[in-house]
Amino acid sequence: MAMRARQKIRAPRKGLASSKGDDFEANWQALSGSLKRIHTKDASDLSFEQLYRNAYNIIVTMRGHDLYERVKQLEREWLETEVRSWVNAAISPSLLFAQDALDIQDQANERRAAGERFLTVLRETWEDHQLSMGMITDVLMYMDRVVVADHRKPSIYVASMALFRDIVLRSPVRPDTKTTVADVLESTVLFLVQLERSGQIIERPLIRHCIYMLEGLYETITEEESSKLYLTSFEPAFLEASKTFYQKEGQRLVESADAATFCKVAMERITEEKERCASTLSTLSESKIKEVLDNELIKRNIAEVVNLEGTGVRNMLDQDRLDILRSVYVLSSRVDSKKAPLTAVVQKCIVDMGQEINTLATAPAPAPEPTGKKAVKEKEKPMNQQTTSAIKWVDDILALKKKFDAIWVDSFMSDQVMQSAITTSFSDFINSNPRSSEHLSLFFDENLKKGIKGKTDSEVDSLLDNGITLLRYIKDKDLFEAYYKKHLSRRLLMKRSASMDAERQMISKMKMEVGNQFTQRLESMFKDMTISEDLTSNYKDHIRKSASQDSKPVDLEINVLTSTMWPMEIMSNTRDEVQLSCVFPREVESVKQSFEQFYLSKHSGRKLSWQASMGTADIRATFQRPNGKTQRHELNVSTYAMIILLLFNDVAPGESLTFAEIQSRTRIPDHDLIRNLQSLAVAPKTRVLKKEPMSREVKPTDRFFFNHEFQSQFTKVRIGVVSGSANKVENNDQRKETEKKMNEERGASIEAAVVRIMKQRKTLPHSKLMSEVLGQLSSRFVPDVNMIKRRIESLIDREYLERVGEDPPTYGYIA
Amino acid sequence: MTDRNVLRKDQLEISLVKEKELIKEGNLKDDNPLDLSEPFAELCSACRKGDLKVCQEKITEGVNINARDAYDYTPLILASLCGHYEVVRLLLESGALCERDTFQGERCLYNALNDRIRNLLLEYDYSKSTDPLQPLAAHLASLLTREQPVTSDIVVTAGDESLHLHKFVLAARSPYFRNKLAAAPESPSWKLPSTIPPQAFGIAIKYLYLGEAPRDLKSGPGTGFTESEVFEGIDRVAHHLEIDTLLDSIIDSGDRRLARQRRSTEIAKGRDQLETWFRANVLGNKLEVETSKANSVKWDRENAIFADILLQADELPEDAEPGSEPKSILFPCHRAMLLRSEFFNTMFSSMFREAYVKDHLHIVNVDCSPEVLEIVLTFLYTERADFPLDVAVDVLFASDMLFIEKLKTKAAVVISTLGSGNLSQSEAAKTRGTTEEEELDIYGIIRAAWMTRVQRLEEFAARYLAYRLEAHIDSPEFAELIEESASRIKARQETDSIELLDDIRFYLNERFRLRFDDAGLGEMMRNAAQQPHKAPPAGADADGTEKEVEKVTNGIDTIDLSKVAAPASQQDRDHHAPVIRTLDGEIAVDEFDKDAANYQILMAKLDAILEDLNLEA
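Same order as they appear, the protein sequences are chains A and B.
Numbering follows this note's numbering, with no gaps: position 417 of the first sequence is 463.
Numbering follows this note's numbering, with no gaps: position 450 of the second sequence is 742.
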């Protein structure tokens, strides 16, 4: 039926036709009354639909813009007449005038109470405003959609927030002052924050809500993030106040001169400020306040704190105060990625401690080498002491290293920068000890001989690892190699190694650490040893097969060493002085010849040179006691000692041989002969020979008797050679010797490197060549620049290289 | 256009064959089923002719717009082939598919008569368009997670999770719940047997709320159930709640195309269920009371149809029977569905009276006629928006007031299609007499368009006016309208052009130009356009010209323009330019000249109006 009635599509029923004025006023009356009720929180029985319809009708009659302005006006009036007076009433004079009164407790309390009262009121008005505006916006939804879009106005909510900002916050508190509510809010909040910083408890949520307000209000109606009132007005003031506060606090703390306290307070402040941003102020400020803290409190003072006399980092390191060290580290790393003051102190500390260890190790340095024979006896002791001190040196360094490793992990959070700083320092002081390579090698020697007995594999492993760490610091690795080789050769030849496994392990560790080239020779030493074992057993077989003659063959255990791989100085004793090899007794000589025959039949074209100084022999000696009894002992002596003792086989009882006689008959080098005679005739427990006159020194005129009264509770007696057999710290001469040899070897290495490089590059400027050489050799040692220059000169002389240019000086390779 | 992603012909054919096989096996539903029914044939014919009105009617009747005819043409192909831009747009908006890489979709694209249509088709490419029912489904699904305002009225506890659900949704979607709730409509909570995995129930509920079937069953370690247990649970739940398609949906969720089809079927089914329930319970329970007594109606909160709000619409004064009390109609509704309107959403979220829960249901007055409110509710509950032209303007206003954008668009579409008559054949429309024009108060429409800010309606009105400008141009009402349009712009202070006038000029141009273009005689048109300038008296007598135009059009309808004839006539005219008016026999030549003249006359008149107004202002 409706269809019929409306054949033609009607013009819109609403608005247009009706009388505009009355409708508008009537609708507005209804609407404005309700809006006021919303503000007075009396809205629960208002009908949304009705209010919406009122607004809708106004807008449909094209009066939307008027409505917008009316609502704004209504809001303005409401804020001006009601809200502003509430807020202003809540501001007590103490808030207005006591701007900086933190000093007097009473005033502070009063101000605090007043401030909290004020904040409560402000917070309530704000929240009410927000709530009512939310509801009003809901009702005026249609207006926002239509009018606002048409006229490019901010939505009514935004507009009313701007009104709140201007009318409530930005208006003077009293007619006669310029101070605005926002100012009071700012100073009050800052005051409360100040209170909290000085340790009092304040009502955080209250402040937080007021800050919410500042975060919810904007400078502009477009509401950009950056125009939040919080960011434009409150935050700068807060940061400024914090800056002054922390400047003062930093000063105070430094003056009180206790680094630990400083760190503790600073750490607390950091967490405190972070928490304050999260729970009292705004998280927006977190990074900014952090910056203030970093700059004002930490950056300004950290260097001073680190260096504080008596309580600074130095002290912490000494006292192992890891927790505080950690704080120092954390603080430093906040402001400076390099942590310059901290690293400087730590490095200095390490170097100082290291130097202490160095001096301790070298303190009982060998007094100027006594030249006379008189000194021989006395020399014994300091030498031993030196060995122990060398080992102590290594142990001390390891302890130090361990300590700093712990500090690094615990306090410095495994920081890379700190690690490299520590490493450099260690390397510095270790290399500042010229004997570091020798000491370290001695340390290994000691441990491989005795130290590792009764230890588990993993213990051995970590022990070796520790040593290897030190090796890492040592720059002159070739020097270390030389010492190690020497020590190793002794261990191998004298069979003093506690465990071959450990030895091999050590080699493989070094291989990993320093490289293949470094261990090549050491490995070949091991190889020689195994080959020799085979050789020995082969020779025994050979003897047994051809055993026709004597029923008492001399057992021969032989080590054939490749001369280039083993330390030179083992052989040097015979080489240095042009001397014939010693005369072996007949029995031994025949064995020697038989072996040479055997060996050369297998490897033709080789030359065997016999190192009597390195060998040992087991001999059976019969002692005729004066009471007629005979006593047999098996003596384990050095080869030389054996030769000497065998001489006495031909000497009638009671007869004697002089030193000169022995020497001429054996042709044992003086040096060795003296030592062997000392061990046979002087050492109290192994006095197989008697000497006349009885003294420590061995003089060419001394006479020696076979000592039939030799007593020992053991059947087997080991007679060591005085010194030389054990690895000990070298004396100055030896060291010079070693250094000389080292330099020769280095010279060869440098030449090799230069030739290698030039062969590849053909021509190269001087500076480049230098840097490449340094680069190639740095893993082994730090070459002396002058030495390289000299070597280059020498290569030019020998026509390996030629000068091809002068500016810059350039070399060419001569093929 | 970048055609790089177009399939090669052989690829297309292969996929076509595969698709056919699938359809034959029944695995895949045919997107374009063959339809030989009479209404579909009518739709196709309307699409050929570009008859917007008939198209809209047929679509409203429920003809499948994605079907194909005996020659494998879909309505969309026809419309785009015949170059009816408006029809193409209507079809696309109503859910016609134009998917690239499908046989039919590509046909649409390469058949498109001009670039404008082609671009429109590309805009609506399937990947961008959505199932028309998707908003409804999305809303229902969102109810499960929505916290404000509270709309749920039953709590189902499954394990240690509890789901806040809506009785009316359950009742509408599941026969099981319907029976259960019918037995005890008041029960505020329901506990799930512990044997059913909560996940399974959750999935089933989500399914009932038209959410997507999950890819992942949320089983495995940590949940306490294995996948097969959950699966079995779902099976049991589905059986229990009588939602037999759930399991298939989950199994098929791997195949995207199949899943999509299943989903749209399921959503359509869900909508139908909701609709049935809505019609039976909401509309079935509406009550008519005298307006004065409406407020005394008390509906208990606990009621059999789970309504939680009453909407009141007062009868219009002019509909009321004379002498009797004004009547109102109350609809029992569910907030959960009303939330789709921003108006109601705000109403229930804000802290006004309507938001508080009381023993008796609130009665909320909605400022529209009961008829319109029913349309609005139908849309909110079912996404259906089929209504006749005569209430379209009211629906437009109501949906604008209630912030239901889609319904508003729909109303605009109804007005601009059903009200259009047949624009592209304006001459024909005119000959059909004047009754049609009276159907529409175009001035009212344009004002409504302005008030409700519907661009489409403004355009429609401008086009409408442009095609019938002869009838309106001299009326004072028209001048007033132009002035109003001008003042609207002044308020905005954007530019000094008048929007309505610009629009009218545009469509005027289109109206005449279209005819020339159709005939392929664009060049001639340019020549013709110069003619009136040479002979100003020709355009002076507008009335006379129009009469002639009518006379001419009477005759021309039957005469087809042949391209052979055109050049010939052009030559003729060039030679005999001064004698055009006297040569009555040369109809074809006259036709174009008349158009050109008319165009110039109308444009001049528009300028005159503008001048007048500017002087007045």
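C-beta atoms are modelled at their ideal positions from N, C-alpha and C, and glycine is treated no differently.
Owing to the predicted nature of the structure, the values given are computational and were not obtained by experimental measurement.
**Request:** Could you tell me which of Leu622(B), Asp733(B), Leu373(B) and Tyr648(B) sits nearest to asparagine 573(B), measuring between CA atoms?
**Result:** Here the closest residue by C-alpha is Leu622(B).
**Request:** Pick out whichever of Ala771(B), Leu539(B), Arg803(B) and Glu802(B) has its Cα sitting closest to the Cα of isoleucine 790(B).
**Result:** Ala771(B)
**Asked** For leucine 120(A), which option in Met108(A), Ala205(A) and Ala159(A) has the closest C-alpha, if you only look at C-alpha atoms?
**Response** Ala205(A)
**Message:** Report the CB separation of phenylalanine 630(A) from isoleucine 604(A) in whole angstroms; it is logged as a contact under 8 Å.
**Reply:** That belief does not hold up - the Cβ atoms of phenylalanine 630(A) and isoleucine 604(A) are roughly 14 Å apart, past 8 Å.
**Prompt:** What is the rounded straight-line gap between the Cα of isoleucine 535(B) and the Cα of glutamine 565(B)?
**Reply:** 12 Å
**Message:** Based on DSSP bridge pairs, tell me the residues matched to glutamate 582(B).
**Reply:** Lys619(B)
**Message:** So, for lysine 578(B): in the same chain, excluding its five sequence neighbours on each side, which residues have a beta-carbon less than 6 Å away from its beta-carbon?
**Reply:** The residues are Ile621 and Phe623.
**Request:** Can you have a look at alanine 794(A) and say buried or exposed, based on whether 16 or more other CB atoms are within 10 angstroms of its CB?
**Result:** exposed
**Item:** Euclidean distance between Cα positions of lysine 316(B) and valine 309(B)
**Value:** A straight-line Cα-Cα distance of about 10 Å links lysine 316(B) and valine 309(B).
**For glutamate 769(B) and alanine 763(B), the rounded distance between their alpha carbons** = 12 Å
**Message:** Strictly below 7 Å CB to CB, what residues from chain A border asparagine 573(B)?
**Reply:** Ordered by position in chain A, no residue passes the 7 Å Cβ test against asparagine 573(B), which lies about 23 Å from the chain.
**Request:** Have a look at isoleucine 559(B) and histidine 85(A) and give me their C-alpha separation to the nearest angstrom.
**Result:** 46 Å
**Asked** From serine 328(A) to alanine 287(A), what does the alpha carbon distance come to, in whole angstroms?
**Response** 16 Å
**DSSP-derived helix/strand/coil call for phenylalanine 694(A)** = helix
**Prompt:** Nearest-angstrom Cα distance between leucine 813(B) and tyrosine 759(B)?
**Reply:** The pLDDT assigned to leucine 813(B) is 46, lower than 50, so where the model puts this residue is not dependable, and the model offers no usable value.
**Message:** If the cut-off is 7 Å on Cβ atoms, which residues from the stretch 101-112 of chain A count as contacting chain B, listed in chain order?
**Reply:** Cβ contacts with chain B: Tyr102 and Val106.
**Request:** Just grab the DSSP bridge partners of serine 454(B) for me.
**Result:** Thr449(B)
**Item:** Backbone CA spacing between serine 554(A) and tyrosine 375(A) [nearest angstrom]
**Value:** 37 Å
**Message:** Which residue wins for smallest C-alpha separation from serine 659(A), given the options Ile720(A), Asp456(A), Asn695(A) and Lys648(A)?
**Reply:** The shortest CA-to-CA distance from serine 659(A) to any of Ile720(A), Asp456(A), Asn695(A) and Lys648(A) is the one to Ile720(A).
**Item:** Element boundaries [beta strand (DSSP E), containing arginine 666(A)]
**Value:** 662-670
**Prompt:** Counting pairs of Cβ atoms below 8 Å between the stretch 403-410 of chain B and the stretch 643-659 of chain B, do you hit three or more?
**Reply:** no
**Message:** the ligand ATP and arginine 254(A): does the residue's C-beta get closer than 6 Å to at least one heavy atom of that ligand?
**Reply:** The ligand ATP is not part of the structure shown, which contains no ligands of any sort.
**Message:** Let's see if you can read the secondary structure: which residues bound the beta strand (DSSP E) around proline 811(A)?
**Reply:** 809-811
**Item:** Inter-residue CB distance, leucine 252(A) and leucine 263(A) (contact presumed, cutoff 8 Å)
**Value:** Going by Cβ atoms, the distance from leucine 252(A) to leucine 263(A) rounds to 18 Å, so no, they are not a contact pair.
**Request:** Tell me glutamate 738(A)'s beta-bridge partners as DSSP assigns them.
**Result:** Arg749(A)
**Request:** With a cut-off of 8 Å on the beta carbons, I'd call valine 27(A) and histidine 679(A) a contact; round off their distance for me.
**Result:** The structure shown does not extend to residue 27(A), since chain A is modelled only from 47 through 861, so no value can be given for it.
**Request:** With DSSP as the reference, please indicate the residues paired to proline 218(A) in a beta bridge.
**Result:** In DSSP, proline 218(A) forms a bridge with Thr226(A).
**Message:** Alpha carbons only, please: which of His717(A), Gln153(A) and Pro699(A) is nearest the one belonging to alanine 687(A)?
**Reply:** His717(A)
**Message:** Would you say serine 482(A) lies against chain B (beta-carbon separation less than 7 Å)?
**Reply:** Judged by the 7 Å Cβ criterion, serine 482(A) is not in contact with chain B.
**Own chain, CB closer than 6 Å to aspartate 456(A), minus 5 neighbours either side, in chain order** = Sequence-distant Cβ neighbours of aspartate 456(A) in its own chain, meaning closer than 6 Å and more than five residues away, are Leu368.
**Asked** In chain A, which residues lie less than 9 Å from glutamate 646(B) when you measure between Cβ atoms?
**Response** Ser93, Phe94 and Glu95
**Min CB distance valine 346(B) to chain A below 7 Å** = no
**Asked** DSSP beta-bridge partners for histidine 533(A)?
**Response** Beta-bridge pairing links histidine 533(A) to no other residue.
**Item:** Per DSSP, cross-strand counterpart(s) of alanine 605(B)
**Value:** In DSSP, alanine 605(B) forms a bridge with Ile621(B) and Val658(B).
**Asked** Going along chain B, which residues have a C-beta under 8 Å from methionine 181(A)?
**Response** Ser642, Met643 and Phe644
**Request:** Could you check the C-alpha separation between isoleucine 498(A) and alanine 445(A) for me, to the nearest Å?
**Result:** 18 Å
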